[in-house]
Amino acid sequence: MQQKEDSGTRGDKVVVKMLLARRDVNTESKDEFGWTPLTWAAENGHEAVAKLLLDKGADIEAKGWIGQTPLSRAAENGHEAVVKLLLDKGADLEAKDENGRTPLSRAAKNGHEAVVKLLLDKGADLGAEDREYRRPLSLAAENGYGAVVKLLQSHL
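Whatever position you read off the sequence shown (first residue = 1), add 140 for the numbering used here.
Here it is as structure tokens:
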């Protein structure tokens, strides 16, 4: 299983495709963080690998460390193409992790304007609060992402 996780992390589509062709490969195997190969592909922005895993039946809502889904990891890291893929495949736009953060909160906190726009266009909730009662707008403002603040304000 480690080979599959490493290949997903590196985005090695050919190796992942070969591994997925085997009957004994489990797309839901988890590492010490509770992350699946799909989570790692989302984390690292490997759209082609994420698509292969989803086509093989990977759980799009698999929760790992602090309850984050693949969509949360892709959004936090600004991987717009992976975010779009996951949303198109039915990922929960409002999935909250253990801190109460949604994918929009994570994208806004890290200043990923294109991802924030994509999530807003799909109907993400601007009013979603985390456990500390912070919303995406306040997270973007706290971290100095003026363009994201303006984008969020334009959707109020």
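The beta-carbon is built from N, C-alpha and C at its ideal position, and this holds for glycine as well.
If Asp237 sits next to Gln208, beta carbons under 8 Å apart, how far is it from one beta carbon to the other, in whole angstroms?
For the purposes of this step, residue 237 is taken as the residue at position 97 of the sequence shown. For the purposes of this step, residue 208 is taken as the residue at position 68 of the sequence shown. Rounded, the Cβ-Cβ distance is 5 Å, consistent with contact.
One question on the structure: do Leu260 and His295 come within less than 9 Å of each other, judged by their Cβ atoms?
Taking the sequence shown and counting its residues from 1, one reaches residue 260 at position 120. Taking the sequence shown and counting its residues from 1, one reaches residue 295 at position 155. Their beta carbons are under 9 Å apart, which means Leu260 touches His295 by this criterion.
With a threshold of 16 other CB atoms inside 10 Å of the CB of Glu168, please say whether the residue is buried or exposed.
For the purposes of this step, residue 168 is taken as the residue at position 28 of the sequence shown. It is exposed - the Cβ of Glu168 has fewer than 16 other Cβ atoms within 10 Å.
Extract the residue ranges of the alpha helix (DSSP H) inside the region 239-289, only unbroken runs of 4 or more that lie entirely within it.
243-249, 253-261, 276-282
Buried or exposed, going by whether 16 or more other CB atoms sit within 10 Å of the CB of Gly284?
Counted from its first residue, the sequence shown places residue 284 at position 144. That one is exposed.
Evaluate Arg241 with the Cβ neighbour count: other Cβ atoms within 10 Å of its Cβ, from every protein chain shown; 16 or more gives buried, anything less gives exposed.
Stepping through the sequence shown from its first residue, residue 241 is reached at position 101. With 16 or more Cβ atoms within 10 Å of its Cβ, Arg241 is classed as buried.
CB-CB under 7 Å to Thr149, same chain, minus the five flanking residues each way: which ones, in chain order?
Your numbering for residue 149 matches position 9 in the sequence shown. Caution applies to Thr149, whose pLDDT of 48 falls short of 50 and renders its modelled position unreliable; the model cannot decide the point.
Do Leu244 and Ala215 have their C-beta atoms within less than 9 Å of each other?
Translated into the one-based positions of the sequence shown, residue 244 becomes position 104. Translated into the one-based positions of the sequence shown, residue 215 becomes position 75. Result yes, Cβ atoms of Leu244 and Ala215 sit closer than 9 Å.
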